[in-house]
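*Asks:* Chains as they are written, first to last, in my numbering: chain A, 535 to 1038; chain B, 3 to 231.
Glycine included, C-beta positions come from ideal geometry on N, C-alpha and C.
On a predicted model such as this, the values are computed, not experimentally measured, just so you know.
The structure follows.
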């Protein structure tokens, strides 16, 4: 019941929800954006390729009919020139011969023509042997290569010899066209960037959505947590506003019902306890009037007892003695019911603590039998009558139940005074220690009747607490029980107290 | 009202058993006790019997104890000891304000009541001192007369004793505990409200302005002192 509740709903719930939303968004975005990226990229490249092949074929049409099946260098150059346009640069191969390469590729950003406005020229090495083999086999082929200034498309086609009545055959002349794909690459890059951007935006949007959603869930959960905490702290009237009709609303409703039940039960228990205490108070007050009459004549009886014949004399002194005991018991009951009902109030005075202790001992004739170790000049603001009650009880117990020497020691710090009452008897049973301040607690069942009412230590502790101090007990290591009374040097002034500072 | 002699006690107590018990006990202690059961009867007896001390139960049918207390005080300076129920702090304060000199908690042990009665009846020692003058106040310690600007001020014995005690050493601070011992003979742990209530009643009679006292001054946190005037 006293288990500590974590003060906030676990932060893990929010993190988990956020993570789940983000993951969902990333997967979806990757699937959609990634898929369309790949498709668009393929389409762009395919179109570029088709266009290049088409352009090349149409230009080469102009070369037919071939002037010679075995061209010389000049003819090769012409063929290459025919294949070249502003986009592409062409090459022609025949056996070991090839059209000249007019220079290295123009440096500069990929996809930009050089300063002369001519297409850049690629190295012959860019044409791979596999492509050569394919083209030599009589087929038109293409290949994408990445050169230092970007991606290029190389398309190669063999020139064919077509003669009437004879099968078409390969002339042995191969024409290649290199076309820069820089523009396409730019488009594809742009596509990719746009895909990333869309994905990122979707992610951000998802996180915002997730935050909103978690707030919707976590808000009620947090409120529930706060309410449960308040309830645990004893604020039994805590209730939660029930919104909507979802599962959270169900939980809130259940919480409210539980809290209402709890409040009702606690209220019942409190009433029963208050009834019990009121009963004790009422009984004590009712006992007071007959007891007042008895107490008034007890002295008379006591003094006359000696002169009465037996057994009337013994009976008289017994009645007298027990009347005194009964009076003490009823007085203690009334005193403790005043603490219970909260009407006990402090009458504070600035007193010399050592003088107070000495007076307590002197009034009861204990000055000789108690070692008092009292620092002089310690002033404290407290209720001397109540402190006297505490001390008289502690010292009285020590003298009755403990063994001499009994000592009282006063120690101080800037805010507290401590009075230690110690005897040198066997000390208290460890099992008894936690209960010595309980009402009517008897350490020894056989000693059912002792001099005290059984309320003395309970009243002493109530008196200490009324000062906002405390009374504790321990066994000293070398034997004997030690009661320590700790009181603030300035007990808080109760409100409305008539004589806190005296009339002015 | 001679110590050791016969003193007349007026006991006002409604419960017959308590009344009879206290009458029995006080008679045994040598007092002449007149016991009545209501405040009205008590006020009648006050005029005819001229008691030395009144023992007054606060819980009375008809006219309540506080009213009886006020009327007795209005009629003269006879000391009043109230019987209060334990735990009724408000009653104590109200009773003291109504003019009671002291109180005893029920159930009363007769020897405690006896000690209180003796304390309020104790003859105030008459000194050989001259007439003292403190501002407008003259205190005749021999004749036990206090006068303000020449007009005698009627003071009940407890208030008179408190004034004599304080004015005996002008300027010296007396703690409430010391005053309880010397004036009320209560021992160390008496109820300091007795002192505060008595000081208030005394101020009402001798000060020009009770809220700004000149003669009986509060030393906050310590107690009271007389003057300096």
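In the DSSP assignment, find the alpha helix (DSSP H) that holds residue 677 of chain A and state where it starts and stops.
*Replies:* The continuous stretches of alpha helix (DSSP H) do not include residue 677 of chain A, which lies in the beta strand (DSSP E) extending over residues 675-681.
*Asks:* Please name the residue, chosen from B:86, B:224 and B:119, that lies closest to residue 233 of chain B on a Cα-to-Cα basis.
*Replies:* The question about residue 233 of chain B has no answer here: the residues shown for chain B are numbered 3 through 231.
*Asks:* With contact counted as at least three CB pairs below 8 angstroms, one residue from each stretch, are the stretch 550-566 of chain A and the stretch 702-721 of chain A in contact?
*Replies:* Verdict: no, contact absent.
*Asks:* Going by C-alpha to C-alpha distance, which of A:623, A:725 and A:677 sits closest to residue 571 of chain A?
*Replies:* Considering only alpha carbons, the answer is A:725.
*Asks:* With distances taken between CB atoms, is the gap from residue 49 of chain B to residue 34 of chain B smaller than 9 angstroms?
*Replies:* Result no, Cβ atoms of residue 49 of chain B and residue 34 of chain B do not sit closer than 9 angstroms.
*Asks:* Take residue 178 of chain B and list the residues in its own chain whose beta-carbon comes closer than 7 angstroms to its own, dropping the five residues that flank it on each side.
*Replies:* 194, 197 and 225
*Asks:* Pairing CB atoms from the stretch 857-873 of chain A with CB atoms from the stretch 51-71 of chain B, are three or more of them under 8 angstroms?
*Replies:* no
*Asks:* Since I believe residue 103 of chain B is in contact with residue 63 of chain B (beta carbons under 8 angstroms), could you give me their beta-carbon distance rounded to a whole number of angstroms?
*Replies:* Between residue 103 of chain B and residue 63 of chain B the Cβ distance is about 24 angstroms, and since that is not below 8 angstroms, they are no contact.
*Asks:* Could you tell me whether the stretch 161-178 of chain B touches the stretch 196-212 of chain B, where touching means 3 or more Cβ pairs closer than 8 angstroms?
*Replies:* yes
*Asks:* So which residues of chain B does residue 861 of chain A contact, with C-beta pairs closer than 8 angstroms?
*Replies:* Chain-order list of chain B residues neighbouring residue 861 of chain A: 109 and 111, by C-beta distance under 8 angstroms.
*Asks:* Just the Cα atoms here: how many angstroms apart are residue 227 of chain B and residue 188 of chain B?
*Replies:* 20 angstroms
*Asks:* Consider the Cβ of residue 194 of chain B: report whether some Cβ of chain A lies at a distance smaller than 9 angstroms.
*Replies:* yes
*Asks:* Where do the N-terminal and C-terminal ends of the beta strand (DSSP E) with residue 689 of chain A fall, by residue?
*Replies:* 684-697
*Asks:* In angstroms with no decimal places, state the Cα-to-Cα distance between residue 1045 of chain A and residue 875 of chain A.
*Replies:* Nothing about residue 1045 of chain A can be read from this structure; chain A reaches only from 535 to 1038.
*Asks:* Do residue 674 of chain A and residue 618 of chain A have their CB atoms nearer than 9 angstroms?
*Replies:* no
*Asks:* Can you pull the chain A residues whose beta carbon is under 8 angstroms from the beta carbon of residue 17 of chain B, in chain order?
*Replies:* Close to residue 17 of chain B, with beta-carbon spacing below 8 angstroms, are these residues of chain A in chain order: 823, 826 and 827.
*Asks:* Counting only beta-carbon separations shorter than 9 angstroms, does residue 177 of chain B have a partner in chain A?
*Replies:* yes
*Asks:* What would DSSP say about residue 941 of chain A, mapped onto helix, strand or coil?
*Replies:* strand
*Asks:* Is the distance from the Cβ of residue 744 of chain A to the Cβ of residue 554 of chain A below 9 angstroms?
*Replies:* yes
*Asks:* Starting from residue 8 of chain B, trace the alpha helix (DSSP H) both ways and give me its first and last residue.
*Replies:* Element bounds for residue 8 of chain B: n/a, residue is neither H nor E.
*Asks:* Counting only the same chain and skipping the five closest in sequence on each side, list residues whose C-beta sits under 6 angstroms from that of residue 945 of chain A.
*Replies:* The beta carbon of residue 945 of chain A lies closer than 6 angstroms to those of 952 in the same chain, with the five residues before and after it left out.
*Asks:* Using a beta-carbon distance cut-off of less than 7 angstroms, what residues from the stretch 139-162 of chain B approach chain A?
*Replies:* none
*Asks:* Does the beta-carbon distance from residue 139 of chain B to residue 147 of chain B come in below 9 angstroms?
*Replies:* no
*Asks:* Within a Cβ cutoff of 8 angstroms, which residues of the same chain sit near residue 596 of chain A, ignoring the five residues on either side of it in sequence?
*Replies:* 616
*Asks:* Compute the distance between the beta-carbons of residue 937 of chain A and residue 1014 of chain A, then report whether it is under 9 angstroms.
*Replies:* yes
*Asks:* Is the separation between the beta-carbon of residue 694 of chain A and that of residue 709 of chain A shorter than 9 angstroms?
*Replies:* no
*Asks:* Should residue 877 of chain A be labelled buried (16 or more other beta-carbon atoms within 10 Å of its own) or exposed?
*Replies:* exposed
*Asks:* Per DSSP, what kind of secondary structure is residue 901 of chain A in: helix, strand or coil?
*Replies:* coil
*Asks:* Measuring only between beta-carbons, confirm whether residue 972 of chain A sits less than 9 angstroms from chain B.
*Replies:* No, residue 972 of chain A lies away from the interface with chain B (no Cβ there is under 9 angstroms from its Cβ).
*Asks:* Taking all protein chains shown into account, decide if residue 191 of chain B is buried (16 or more other Cβ within 10 angstroms of its Cβ) or exposed.
*Replies:* buried
*Asks:* Would residue 1001 of chain A and residue 921 of chain A be called neighbours here (beta carbons separated by less than 9 angstroms)?
*Replies:* For residue 1001 of chain A and residue 921 of chain A, yes; Cβs fall inside 9 angstroms.
*Asks:* Using a Cβ-Cβ cut-off of less than 8 angstroms, give me the residues of the stretch 905-934 of chain A that come near chain B, in sequence order.
*Replies:* 915, 918, 919 and 922
*Asks:* Helix, strand or coil: which one does DSSP assign to residue 1017 of chain A?
*Replies:* strand
*Asks:* Which residues in chain A have a C-beta closer than 7 angstroms to the C-beta of residue 30 of chain B? List them in chain order.
*Replies:* Residues of chain A with a Cβ closer than 7 angstroms to the Cβ of residue 30 of chain B are, in chain order, 834.
*Asks:* Quick one: residues in its chain with C-beta nearer than 6 angstroms to the C-beta of residue 941 of chain A, no 5 flanking neighbours on either side, listed in chain order?
*Replies:* Excluding sequence neighbours, residue 941 of chain A sits near 905 and 956.
*Asks:* Per DSSP, which residues does residue 1004 of chain A bridge with? Please list them.
*Replies:* Residue 1004 of chain A is bridged by DSSP to A:1020.
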